[in-house]
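**Q** Letter by letter, the sequence shown follows residues 100 to 451 of my numbering.
The C-beta atom is built at its ideal place from N, Cα and C for all residues, glycine as well.
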Amino acid sequence: MRQILIAGAFALVFALFGTRILIRVLARKGYGQIIRDDGPSSHHIKHGTPTMGGIIFILAAILGYGAAHLVTGNSVTVSALLVMGLVVCLGLIGFLDDWLKVSRQNSRGLPGRFKLLGQAVFAAGFGYLGLQFADPDSLAPISQYLSGVRETSIYLGSGLVIIWIVIMVMSASNGVNLTDGLDGLATGASIMTFLAFVLIGVWEFGQSCALNATSGCYAVRDPLDLAVLAAAFAGGCTGFLWWNTAPARIFMGDTGSLALGGAIAGLAATLRVELLLIPLGGLFVIITMSVLIQTVYFKLSGGKRVFKMAPLHHHFELVGWEQITIVIRFWIIAGLSVAAGLGLFYAQWVAK
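Next up, the structure:
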């Protein structure tokens, strides 16, 4: 538990003060957000706001995780290292996209097909490596069995597991990316999801088969260390949110949104709660579905729309809701989704 507190606190402080420095550096160099012309007109005032802020909470989470292990003297685990590797790789894709936008001074960054290809390649690498490095109890970071609120008896095999991990990572990273359209919206929702992973990791460690091999115990390789990593991400995002909340002085950019989605998917896979990602990331799912519904209906109906604009939060902007109202109400939805996910997780344990 001490590691969790150290990791979260260190990451929070580092992000809180580091973001302020990053804002000054980015503003001095003119690395500001490029606003699309087809977006809500109210967003045009945000043109030039420093972007690529995801750099700071990625760094804060890694340093917070490292500081916790340095202070306690505990060894790092391969599960956490793999998740951090995935986060950094997806963050690099997002950074390249952000860099192309600010350097060219237009909203066209990395072509979509290249972003998706990069996400798929790194996710597949994460899935493959996650099946390696079995510990003395023959537990690898990622299981070959499908997991819901815990590992099930549905065997997928190496090939299907890697494909499934690619789908998870791409869905989560692009879901967070779509949600990152209003000040603080994606950051706040991500914090709630990371805190849920902290609770899940601690619970799985306390009921681990390695500690107490009873009926219903959890066979997860490094649950406590993954909780430490989740706490570091929660702390880093909280420090960043201080500057990202309305009116935002910095945006996370694709650097941050793709990385956060990778962290969320990576933690779900390594904690063996893959399908629980749907309720835990409920807000991301809702917003992604709004884009899919809008796109499919537009094509099938010959140009008609379900929403005034997608993603969903932009629809409510055009309806007349204030941005801060949308963010707070969507945070409430995110909180209720996380509570439902944790309820399902705990209810399954009680049922055992």
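1) Of the choices SER242, SER252, SER436 and SER289, whose alpha-carbon is the least far from that of ASP321?
2) Rounded to whole angstroms, what is the Cα-Cα separation between ALA345 and GLY434?
3) By the three-class DSSP mapping on this structure, what secondary structure does ILE241 have?
4) Whole angstroms is fine: what's the gap from ALA114's alpha carbon to TYR227's?
5) Would you check if the distance between the CB atom of LEU189 and the CB atom of GLN218 is smaller than 8 Å?
6) Go through its chain and collect everything with a Cβ distance to LEU121's Cβ below 6 Å, but skip five positions before and after it.
7) Would PHE444 pass as a contact of LEU375 if the rule is Cβ separation under 8 Å?
8) Between the C-alpha atoms of LEU310 and TYR317, what's the straight-line distance to the nearest angstrom?
9) If distances are taken between C-alpha atoms only, which option among PHE109, ASN173 and ARG203 comes closest to ILE157?
10) Are the region 324 to 331 and the region 294 to 304 touching by the rule of at least three beta carbon pairs closer than 8 Å?
11) Taking the alpha carbon of ILE386 as the reference point, which residue from VAL275, LEU259 and LEU104 has its own alpha carbon closest?
12) Please determine, among ARG123, ILE262 and PHE194, the residue with the shortest C-alpha to C-alpha distance to SER356.
13) The alpha helix (DSSP H) spanning THR150 covers which residue range?
14) By DSSP's criteria, SER389 is part of a beta bridge. Which residues make up the other side?
15) Could you please give the first and the last residue of the uninterrupted beta strand (DSSP E) stretch that includes THR313?
16) Tell me whether TYR254 sits in a helix, a strand or coil according to DSSP, three-state version.
17) Using alpha carbons as the reference points, say which of GLY401, ILE423, VAL372 and ILE253 lies closest to TRP302.
**A** In brief:
1) Here residue 321 corresponds to residue number 222 of the sequence shown, with the count starting at 1. Comparing Cα positions, the closest option is SER242.
2) As a first step, residue 345 must be located in the sequence shown, where it is residue number 246. As a first step, residue 434 must be located in the sequence shown, where it is residue number 335. Cα to Cα, ALA345 sits roughly 19 Å from GLY434.
3) Reading the sequence shown from its first residue, position 142 is the one you call residue 241. DSSP places ILE241 in coil when its eight states are reduced to three.
4) Residue numbering aside, residue 114 sits at position 15 when the sequence shown is read from its first letter. Residue numbering aside, residue 227 sits at position 128 when the sequence shown is read from its first letter. The alpha-carbon atoms of ALA114 and TYR227 are separated by roughly 32 Å.
5) For the purposes of this step, residue 189 is identified with residue 90 of the sequence shown, where counting begins at 1. For the purposes of this step, residue 218 is identified with residue 119 of the sequence shown, where counting begins at 1. Contact flag set, yes.
6) Here residue 121 refers to the residue found at position 22 of the sequence shown. Result list for LEU121: ILE155, in chain order.
7) Numbered from 1 along the sequence shown, position 345 holds the residue referred to as residue 444. Numbered from 1 along the sequence shown, position 276 holds the residue referred to as residue 375. Yes.
8) Here residue 310 refers to the residue found at position 211 of the sequence shown. Here residue 317 refers to the residue found at position 218 of the sequence shown. In a straight line, the C-alpha of LEU310 is about 10 Å away from that of TYR317.
9) Position 58 of the sequence shown, counted from the start, is the residue given in the question as residue 157. Among PHE109, ASN173 and ARG203, the Cα nearest to that of ILE157 belongs to PHE109.
10) yes
11) To locate residue 386, count along the sequence shown from 1; it is residue 287. Taking only the C-alpha atoms, the option nearest ILE386 is VAL275.
12) Taking the sequence shown and counting its residues from 1, one reaches residue 356 at position 257. Of ARG123, ILE262 and PHE194, the residue nearest in Cα terms is PHE194.
13) Within the sequence shown, residue 150 is the residue found at index 51, counting from 1. For THR150, there is no enclosing alpha helix (DSSP H), as DSSP gives it neither H nor E.
14) Here residue 389 refers to the residue found at position 290 of the sequence shown. In the DSSP output, where bridge partners are listed per residue, SER389 has none listed.
15) In the sequence shown, the residue the question calls residue 313 occupies position 214. Taken as a continuous stretch (DSSP letters only), THR313 belongs to no beta strand (DSSP E), as it is neither H nor E.
16) Stepping through the sequence shown from its first residue, residue 254 is reached at position 155. Three-state DSSP puts TYR254 in a strand.
17) As a first step, residue 302 is located in the sequence shown; it is residue number 203 there, counting from the start. When only C-alpha atoms are compared, the closest one is VAL372.
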